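J.: Sending over a structure as structure tokens; questions will come in a sec.
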Amino acid sequence: MLFKIGSLLMTPAARYGLLALAILFPFLASNEYQVYVMASAFVWAIAVYGLNIITGFCGQLNLAHGGFFAIGAYTLGLLTADHGWSFWPAFLAALLMTAALGFLVGVVSLRLKEHYFAIFTLCVGFIIYLLIDKWEELTHGPIGVRDIAAPYGFGLVDFTETTPFYYLVLAFLVLAIWFMGRLSRSLLGRTFIAIRNGDELAESLGINLMRNKVLAFVLSTTYAGLAGALYAGMVRFIGPEEANITHTFDMITYLLVGGIGTITGPLLGTVGIVWITQSLQFLEEYRMIIFGPLLVVLVIFFPRGITGQFLSWMHHKAQAMQPRHKARASKVTAPQEARNNA
Amino acid sequence: MLKVEHLTKMFGGLAAVNDVSVVFEAGKINAIIGPNGAGKSTFFNLISGMHQPTSGRILLDGVDVTRLRCDKVAQLGVGRTFQTTNLFEQATVLDNLIVGHRLRTKSGLWDVLVNSKRLQAEEKASRDKAREALDFVGLSHVENQYIADITQEQRKRVAFALALATDPKIVLLDEPAAGVNPEETEGFAALMKKMVANGLTVCLIEHKMDMIMSLADKIMVLDHGEKIAEGTPEQVRSNPLVIEAYLGSDEDVAA
Chain A
1 MLFKIGSLLM
11 TPAARYGLLA
21 LAILFPFLAS
31 NEYQVYVMAS
41 AFVWAIAVYG
51 LNIITGFCGQ
61 LNLAHGGFFA
71 IGAYTLGLLT
81 ADHGWSFWPA
91 FLAALLMTAA
101 LGFLVGVVSL
111 RLKEHYFAIF
121 TLCVGFIIYL
131 LIDKWEELTH
141 GPIGVRDIAA
151 PYGFGLVDFT
161 ETTPFYYLVL
171 AFLVLAIWFM
181 GRLSRSLLGR
191 TFIAIRNGDE
201 LAESLGINLM
211 RNKVLAFVLS
221 TTYAGLAGAL
231 YAGMVRFIGP
241 EEANITHTFD
251 MITYLLVGGI
261 GTITGPLLGT
271 VGIVWITQSL
281 QFLEEYRMII
291 FGPLLVVLVI
301 FFPRGITGQF
311 LSWMHHKAQA
321 MQPRHKARAS
331 KVTAPQEARN
341 NA
Chain B
1 MLKVEHLTKM
11 FGGLAAVNDV
21 SVVFEAGKIN
31 AIIGPNGAGK
41 STFFNLISGM
51 HQPTSGRILL
61 DGVDVTRLRC
71 DKVAQLGVGR
81 TFQTTNLFEQ
91 ATVLDNLIVG
101 HRLRTKSGLW
111 DVLVNSKRLQ
121 AEEKASRDKA
131 REALDFVGLS
141 HVENQYIADI
151 TQEQRKRVAF
161 ALALATDPKI
171 VLLDEPAAGV
181 NPEETEGFAA
191 LMKKMVANGL
201 TVCLIEHKMD
211 MIMSLADKIM
221 VLDHGEKIAE
231 GTPEQVRSNP
241 LVIEAYLGSD
251 EDVAA
């Protein structure tokens, strides 16, 4: 029975069901604040999908991810607030800026491997924070950026309202997941996974390490920039704290809990933890007393997160069921489906 | 086929490989033996482009590949296995093998975005190639199992299949029979003969002397980075330098 529910969750129908639920959410929510929280969870989820490309698929722990999120937010914020750009051109500029800076940082930092790469990117993240905090002529320093433009709705919708903005974010999230899914099944995604398995083996299979790692890095920073720009358009006021390293570690937590290197994981982890955090708000910083042990338990028992554990369980169920199905000449293709969704 | 001329690799003041010249002929099984630390793996790393030699030349079918990067060497037809192979444990055997053919494909980010015809064709070709390689090593029946669920011996065969999926001309096998029982060792010997019968050139590092002596067409013996002997198993077996090198170390005595 459980297995049947499991395989049902893996069908395209279930995914459309989930999408339908997301579309209906503003009507199901009891107040506007819940819609706002969900929209912000989706924004973070987009950034986590980016982290999933470089860290989950390509295996390079990038600790500058929050920094690129902030660069996306500041590019949009400064262009609209200080230079009179309207939202969409600034939005595009934010994507291009994070992609370009991602390329530059990637080309330098990806010469390093493993912990050295992680430490280097940690420093890059901190430098980004310092630049935003100290370069007052450009960024206004600790005062932050006010009066950021909201997305222009071409006279059709008003994105300063919570619900329309929610749908805008949802659309970008769907796009982000769609591309992630396509990437993961493609030869390019497999190339990234081969690099995660080991540089030496990947290289001996004829894979150009640097080119592929830089590509994965640029994709990930572009996702971060997209999320950052949406964030700036949502809150309309940003400060240097957006580049704080804690955001990066939050995103890593979302990724680990949801399932690193999976398609559903980033969404599950982000939305789940954002709501748990919301409901534990009354505990303030003490909520870490609950989060800390929870994370430890999770990493020990489910190293591939909720989604990873689920997929693995599904696969073994399917394998165990196979002989019986053959005997019955059934056409159940559960293992096939589980594989396609991994 | 593979011609190595005066190959030297210095690590600081230490010559890991010192002035080694050798020719590995096409369609033969060539073995490299020697005590631990003799420079065998370094020799492989030099041929495959993972390390750059200090001096000397490497010619593959007459093409100078001495200074080429690892992935370029692989594209020219040098396949390789390692002593340990890290695979994606929570994915199926077939899924792990599909990337093996990546170096013969050209699809990039744009193809992924628009799901181009080229990408679809190349993905099918890669999948077919993976199945073919899996069939070659006799593992078609575990195609849908997770790597985490197959035996150690099957993992080694998967590593072979991965190297074969790159469409190599020559395969470098680093201790293919390490850590497997005698019966399985024979299975690997048969597999290597099958590779040669299919037109491949095999080059292996191995410590199991019984296997080497019955399998190899040609043996090169390295000791302290230098080539001390070369020839057929009989020639090598009776070479006093070889006997001394092995008796002087903690290795198994040459059979």
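Sequences listed follow chains A and B, in order.
Sequential numbering of the first sequence, starting at 1, is according to full-length UniProt numbering.
Sequential numbering of the second sequence, starting at 1, is according to full-length UniProt numbering.
Ideal Cβ positions, reconstructed from N, Cα and C, are used throughout, including at glycine.
Every value quoted in this text rests on a predicted model; they were computed, and no experiment measured them.
1) For a cutoff of 8 Å on Cβ pairs, would you count residue 365 of chain A as touching chain B?
2) If you follow the alpha helix (DSSP H) that Asp71 of chain B is in, where does it begin and where does it stop?
3) Any Cβ of chain B within less than 8 Å of the Cβ of Ser312 of chain A?
4) Quick one: is Leu103 of chain B near chain A, going by C-beta distance under 8 Å?
5) Residues in the same chain with beta-carbon distance under 7 Å from Leu196 of chain A, minus the five sequence neighbours each way, listed in chain order, please.
6) In chain B, what lies closer than 7 Å to Ser204 of chain A by C-beta?
7) Between the stretch 13 to 33 of chain B and the stretch 207 to 220 of chain B, are three or more C-beta pairs nearer than 8 Å?
8) Which chain B residues sit within Cβ distance under 8 Å of Ala194 of chain A?
9) Which residues bound the alpha helix (DSSP H) around Asp95 of chain B?
10) Have a look at Gly233 of chain A and Thr84 of chain B and give me their C-alpha separation to the nearest angstrom.
11) Is the CB-CB distance between Glu230 of chain B and Asp19 of chain B below 8 Å?
12) Between Ser126 of chain B and Leu188 of chain A, which are expected to be in contact by the criterion C-beta below 8 Å, what is the C-beta distance as a whole number of angstroms?
13) Under 7 Å between beta-carbons, which chain B residues line up against Arg304 of chain A? List them in chain order, please.
14) Let's test the definition: count the other Cβ atoms within 10 Å of the Cβ of Gln154 of chain B and tell me whether it reaches 16, buried, or not, exposed.
15) Where DSSP assigns a beta bridge to Cys203 of chain B, which residues make up the other side?
16) May I have the straight-line CA-CA distance separating Ile148 of chain A from Asp82 of chain A, to the nearest angstrom?
17) Measuring only between beta-carbons, confirm whether Thr42 of chain B sits less than 8 Å from chain E.
18) Ignoring anything shorter than 4 residues, give me the alpha helix (DSSP H) runs that lie fully in the stretch 62 to 92 of chain A, in order along the chain.
19) State the start and end residues of the unbroken beta strand (DSSP E) segment that holds Glu230 of chain B.
20) Taking DSSP's pairing of strands, which residues face Gly79 of chain B in a bridge?
21) Would you mind stating whether Val93 of chain B and Val158 of chain B have Cβ atoms separated by less than 8 Å?
22) Using only alpha-carbon positions, find the residue among A:Ala73, A:Ile306 and A:Asp250 that is nearest to Leu63 of chain A.
23) Using a Cβ-Cβ cut-off of less than 9 Å, give me the residues of the stretch 120 to 151 of chain B that come near chain A, in sequence order.
24) Can you tell me which residues form a DSSP beta bridge with Ile119 of chain A?
T.: Result, derived from the coordinates:
1) Because chain A in this structure spans residues 1 to 342, residue 365 of chain A falls outside the shown range and cannot be described.
2) Cys70 to Gln75
3) yes
4) yes
5) Rather than Leu, the amino acid found at residue 196 of chain A in this sequence is Arg. Contacts found: Phe57, Cys58 and Gly59.
6) Ser48, Cys70, Ala74 and Arg80
7) yes
8) Val99 and Arg102
9) Val93 to Ile98
10) 50 Å
11) no
12) Rounded, the Cβ-Cβ distance is 12 Å, inconsistent with contact.
13) Gln90
14) buried
15) B:Asn30 and B:Leu172
16) 9 Å
17) The question asks about chain E, but that chain is absent: this structure's protein chains are A and B.
18) 65 to 81
19) Glu226 to Gly231
20) B:Val171
21) yes
22) A:Asp250
23) Glu122, Glu123, Ser126, Asn144, Gln145, Tyr146, Ala148 and Asp149
24) Beta-bridge pairing links Ile119 of chain A to no other residue.
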